[in-house]
Amino acid sequence: MPNFKTHILSGILGFPVFFLVFNFIYSHLFYEVYYVSGEIVASYFLFVVGSDFPDIDHQNSFINKLMRLFLIFGSVYYLFEYDFLYREYLLFSYNLSNFILIVVGVLLGLLLGIIFNKLSKHRGLWHSFLIGGILSFLIYLLNLKYRTPINILYSLSYFVGFSLHVILDKNFKTK
Numbered sequence: 003m004p005n006f007k008t009h010i011l012s013g014i015l016g017f018p019v020f021f022l023v024f025n026f027i028y029s030h031l032f033y034e035v036y037y038v039s040g041e042i043v044a045s046y047f048l049f050v051v052g053s054d055f056p057d058i059d060h061q062n063s064f065i066n067k068l069m070r071l072f073l074i075f076g077s078v079y080y081l082f083e084y085d086f087l088y089r090e091y092l093l094f095s096y097n098l099s100n101f102i103l104i105v106v107g108v109l110l111g112l113l114l115g116i117i118f119n120k121l122s123k124h125r126g127l128w129h130s131f132l133i134g135g136i137l138s139f140l141i142y143l144l145n146l147k148y149r150t151p152i153n154i155l156y157s158l159s160y161f162v163g164f165s166l167h168v169i170l171d172k173n174f175k176t177k
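Okay, so the sequence shown: first residue is 3 according to the working numbering, each after it adds one.
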């Protein structure tokens, strides 16, 4: 099966082709789109992330390690932002309460990462076009504030990168 380097390289090299095809089709069906450089960079990033994202279910993959790190920081942030443990009721000093929140957040993030890895089977659900479509739709919904062609570009960039990964895994074997 293709490895991390193959998937990232396919994302890096595949995006320019995708971008040309997208612009050709969109400009012929609707109207010509003019981009800000940040929009192109963001869609490039989504394409490359999508090209490796299905390996989130592989415990040693870069994207899985990144996800576990995100869960840890996200858990700590959640506990602080929503004052989940109500620091004033902990009966400790403010600094000790903050320390406790950080420790609980890190442990919660680690626990969520372990649960995710135990429930995920490599090349299982995460290697399906259905999940790619659902995640692309979520990207579309999260970017409704942008112009329509940019929103479509973002969600399709992710989906095509994701699909490229699945196709490479299904059709090529490495020894």
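Where is the CB? At the ideal position from N, CA and C, for every residue including glycine. This one's a predicted model, so the numbers in the text were calculated from it and none came from an experiment.
Under the three-state reduction of DSSP, Val38 is assigned to coil, being neither helix nor strand. Contact between Val168 and Gly134 holds: their C-beta atoms lie close to 7 Å from each other, under 8 Å. The residues Gly13, Phe17, Ser159 and Gly163, in chain order, have a CB closer than 6 Å to that of Phe49 in the same chain once the five nearest residues on each side in sequence are set aside.
Apart from the 5 residues on each side of it in sequence, Ser45 sits with its Cβ closer than 6 Å to the Cβ of Leu155, Tyr156 and Ser159 in its chain, given in chain order.
Proximity to Val35 across Ser95, Ser138, Ile152 and Leu170 peaks at Ile152, based on C-alpha coordinates. Approximately 7 Å separates the beta-carbon atoms of Phe161 and Gly52; this is inside 8 Å, confirming the contact. Restricting attention to Asn119, Leu144 and Leu170, the CA atom closest to the CA of Asn62 is found in Asn119.
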